[in-house]
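Chemist: Numbering-wise, the numbering used here comes out as the position in the sequence shown, counting from 1, plus 969. Each residue gets a CB set at the ideal place from its N, CA and C atoms; glycine is no exception. Computed from a predicted structure; not experimentally measured. Here's a structure for you.
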Amino acid sequence: MTEHLTIVDHPLVQHKLSLMRDKGCSTSGFRQLLREISLLLAYEVTRSLPLTTREIETPLMRMDAPVIDGKKLALISILRAGNGLLDGILELIPSARVGFVGLYRDEVTLEPVEYYFKVPDALDERLTIVVDPMLATGNSSVAAIDKIKAAGATNIRFLCLLASPEGVERMRAAHPDVPIVTASLDDHLNDKGYIVPGLGDAGDRMFGTK
Ligand code: URA
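Written out as structure tokens, the structure is:
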């Protein structure tokens, strides 16, 4: 993957995203659409995975059949909203190893503080896909990727549903080696750090909280 930012403009992705943005979309509808869209985004983020071949026997003959090369990939969800993307991707890649990073923002320093960190072993040998639906300020994504790199990951991709120009720029400055795949690059961040036009608080919308 050579592009720093890939926008998945597939009509199914764009259509489902519009349904999700609508404030009238129910919690169950939002969750279902997120699940569907995450499969399509996962398809794109894994597009350039390296292949090798394995000898198999079809009913007709032996053949060297293409299979994904290397260790099982690692999916790392940034809590809590990342879990909405994670569930769908795991349907497509059920053998992936899974990690979680939990961060909250210190109200005084405004810096992200880690409260949970559990990731698969041998990250240096795996493609690591970090998932968080909203790349807004980029602060928590950058902090999470700092920690994931410190745990050994060297081949990382970041998958989100929506990105802001500010978040993409922050990621580009901090982690230029981490390609971003998203369904949309929205217009801007508002003064509360929400993506505009956005879809509101992704965690609240998928879990039905306020
Ligand atoms: N997180 C969200 O859930 N929504 C935004 O718009 C920004 C950050």
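Mind checking whether the beta-carbon of residue 1164 lies closer than 6 Å to any heavy atom of the ligand URA?
Modeler: Yes, the ligand URA has a heavy atom inside 6 Å of this Cβ.
Chemist: Give me, in chain order, the residues of the same chain whose beta-carbon lies closer than 6 Å to that of residue 1089; leave out the 5 immediate sequence neighbours on both sides.
Modeler: 1043, 1066 and 1068.
Chemist: Please report the residue range of the alpha helix (DSSP H) in which residue 1003 lies.
Modeler: Start and end: 996-1014.
Chemist: Using the Cβ count rule (16 or more neighbours within 10 Å means buried), how would you classify residue 984?
Modeler: Exposed, since its Cβ has fewer than 16 Cβ neighbours within 10 Å.
Chemist: Which value, in whole angstroms, describes the spacing of the CA atoms of residue 1141 and residue 1000?
Modeler: When rounded, the distance between both Cα atoms is 29 Å.
Chemist: Less than 7 Å between CB atoms is the rule here; does residue 1002 satisfy it with respect to chain C?
Modeler: Checking the listed chains, one finds no chain C in this structure; it contains a single protein chain.
Chemist: Could you tell me which uninterrupted beta strand (DSSP E) segments, each at least 3 residues in length, are contained entirely in the region 1087-1166, listed from first to last along the chain?
Modeler: For the region 1087-1166, whole beta strand (DSSP E) runs of length 3 or above, ordered along the chain, are 1096-1100, 1124-1128 and 1149-1151.
Chemist: The ligand URA heavy atoms versus the CB of residue 1043: any closer than 6 Å?
Modeler: Residue 1043 Cβ: outside cutoff for every heavy atom of the ligand URA.
Chemist: Give the range of the beta strand (DSSP E) segment to which residue 1034 is assigned.
Modeler: 1031-1037 is the extent of the beta strand (DSSP E) around residue 1034.
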